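Everything below concerns the one structure shown next.
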Amino acid sequence: MEIKTRRKTIVREALACIFGQGYFGRSEYSVPGEVQLSIEESEFAFGNTDCLADENYYARMSALPCFRGKDAETVRSVLDKRQFRIVCGKTDVTLEALEAVYELRQKYGIRKFLLLASDASAREQFSRTISVMQDYFSDKYYGLKLNIMTYDSDDFSRLRTFALSDDIQLLIINKEYFIRSNNLLKRPSARLDGLCPADMLRPARCVALTVSDDMKAVRAAVKYASVFDPLCTVCFTKNNDEYLAVPTIDPTELKTSESEELSVGFVGGEENFQLNI
13 MEIKTRRKTI
23 VREALACIFG
33 QGYFGRSEYS
43 VPGEVQLSIE
53 ESEFAFGNTD
63 CLADENYYAR
73 MSALPCFRGK
83 DAETVRSVLD
93 KRQFRIVCGK
103 TDVTLEALEA
113 VYELRQKYGI
123 RKFLLLASDA
133 SAREQFSRTI
143 SVMQDYFSDK
153 YYGLKLNIMT
163 YDSDDFSRLR
173 TFALSDDIQL
183 LIINKEYFIR
193 SNNLLKRPSA
203 RLDGLCPADM
213 LRPARCVALT
223 VSDDMKAVRA
233 AVKYASVFDP
243 LCTVCFTKNN
253 DEYLAVPTID
263 PTELKTSESE
273 ELSVGFVGGE
283 ENFQLNI
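The working numbering puts the first residue of the sequence shown at 13, with every later residue one more than the last.
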């Protein structure tokens with residue numbers, strides 16, 4: 013079986029609409045408890061700067077077609093939630109989400125990301141895309157390396173690595189971690205000075221990402237992402253069905269720059285994954 017997708021780089025215009033043109037750098041915060049190397053040595057973790065806390069953000073976003081005819085108060089209340097949907101059309105949504113990570117790091121200085129996977133299959137698909145495309149995007153974005161890890165509620169060392177690293181970090185979290193009865197994500201731990209893992213991630217102000225064409229899944233992802241107090245939540249979808257609760261950015265409605273075209277083929281097993289650029 014052969015699967016081929018063709019894409020154009022559309023994320024730049026959509027991200028510029030949300031984040032503008034500035035480079036924001038990083039923020040710093042202390043990490044708790046046993047996440048530190050020692051009690052005596054206070055370590056600083058690195059997160060994202062809150063770059064959406066100015067009037068320019070509201071001015072940019074309120075001009076979107078999805079807000080036409082809406083009063084200013086309604087628009088502002090929606091934008092305060094910082095939840096967006098980027099329509100990818102016929103392009104591969106997983107590739108667009110992955111490129112968004114590199115684009116946000118290089119152009120805006122954003123370095124901490126969460127990917128909310130709807131299930132194990134979605135997680136594996138994203139991981140496979142990363143393994144195939146990482147060298148391509150690293151070359152395109154001047155050697156940027158993406159560090160990816162999967163959340164494990166029993167392994168605080170992963171959270172420590174995620175928090176303390178100044179490199180570009182992507183933490184994948186499965187949806188089931190939010191709904192399990194023994195969910196440690198929101199359970200206080202003595203190893204974190206009484207905090208829960210979600211508390212440790214909140215100061216990082218991560219950009220939360222999800223990839224889905226199912227509006228129910230989008231709504232669920234937005235709900236789960238709020239646990240981490242993210243800088244914003246960005247959902248990548250193929251369709252442009254009206255969903256007023258999440259502002260929609262359709263790059264085809266924006267002024268676009270010259271785009272590139274990419275063809276990906278998949279034949280048989282994963283070892284035969286072919287990339288044609």
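Every residue gets a Cβ at the ideal spot worked out from N, C-alpha and C, and that includes glycine.
In this text, all values refer to a predicted model and were calculated from it rather than measured experimentally.
Closest Cα partner of residue i within the set the options
i: L116; options: V246, Y148 and E265; result: V246
i: Q181; options: Y163, L91, A229 and S42; result: Y163
i: C208; options: Y41, V223, V239 and I184; result: V239
i: L27; options: E40, C63, G59 and Y41; result: C63
i: A134; options: T86, K228 and T222; result: T222
i: V23; options: A233, E111, L171 and C218; result: E111
i: V87; options: M227, T61, E67 and Y189; result: E67
i: L128; options: Y41, M145 and M161; result: M161
i: Y189; options: D131, G155 and F56; result: D131
i: Q137; options: C244, S42 and S224; result: S224
i: G32; options: N60, Y69 and D147; result: Y69
i: K187; options: D147, V234, R199 and S89; result: V234
i: Y114; options: F149, A202 and Y236; result: F149
i: D179; options: C29, G121, T61 and T141; result: G121
i: E265; options: G59, L76, V43 and E85; result: L76
i: Q226; options: S201, V105 and K152; result: According to the sequence provided, residue 226 is Asp. The question's Gln does not apply to it. Taking only the C-alpha atoms, the option nearest D226 is V105.
i: L107; options: K157, M145, R172 and Y153; result: M145
i: L91; options: S201, C29, D151 and R199; result: C29
Sub-9 Å separation of residue i and residue j beta-carbons
i: K119; j: Y35; result: yes
i: L213; j: A175; result: yes
i: V230; j: R72; result: no
i: E25; j: P259; result: no
i: L197; j: A216; result: no
i: L204; j: F168; result: yes
i: S139; j: I184; result: yes
i: N159; j: S177; result: yes
i: C100; j: K250; result: yes
i: R38; j: P242; result: no
i: Y41; j: A57; result: yes
i: A220; j: A237; result: yes
i: G59; j: C244; result: no
i: R172; j: V43; result: yes
Host beta strand (DSSP E) of residue i (start-end)
i: I122; result: Unbroken run through I122: none, as it is neither H nor E.
i: L183; result: I180 to N186
i: R172; result: That residue, R172, is in no beta strand (DSSP E); its alpha helix (DSSP H) goes F168 to L176.
i: A220; result: V219 to V223
i: R214; result: First-last for R214: undefined, no H or E at that position.
i: Y35; result: Careful: Y35 lies outside any beta strand (DSSP E) and carries neither H nor E.
i: N60; result: F56 to N60
Range of the contiguous alpha helix (DSSP H) that encloses residue i
i: C29; result: V23 to F31
i: V239; result: First-last for V239: undefined, no H or E at that position.
i: R135; result: A132 to K152
i: S201; result: First-last for S201: undefined, no H or E at that position.
i: N68; result: E67 to S74
Opposing strand residues paired with residue i [DSSP bridges]
i: Q95; result: T245
i: I261; result: I98
i: I160; result: L182
i: S42; result: F56
i: L64; result: According to DSSP, which records beta bridges pairwise, L64 is partnered with nothing at all.
i: A129; result: N186
Cβ of residue i within 9 Å of any chain C Cβ
i: A129; result: Any reference to chain C falls outside this structure, which holds one protein chain only.
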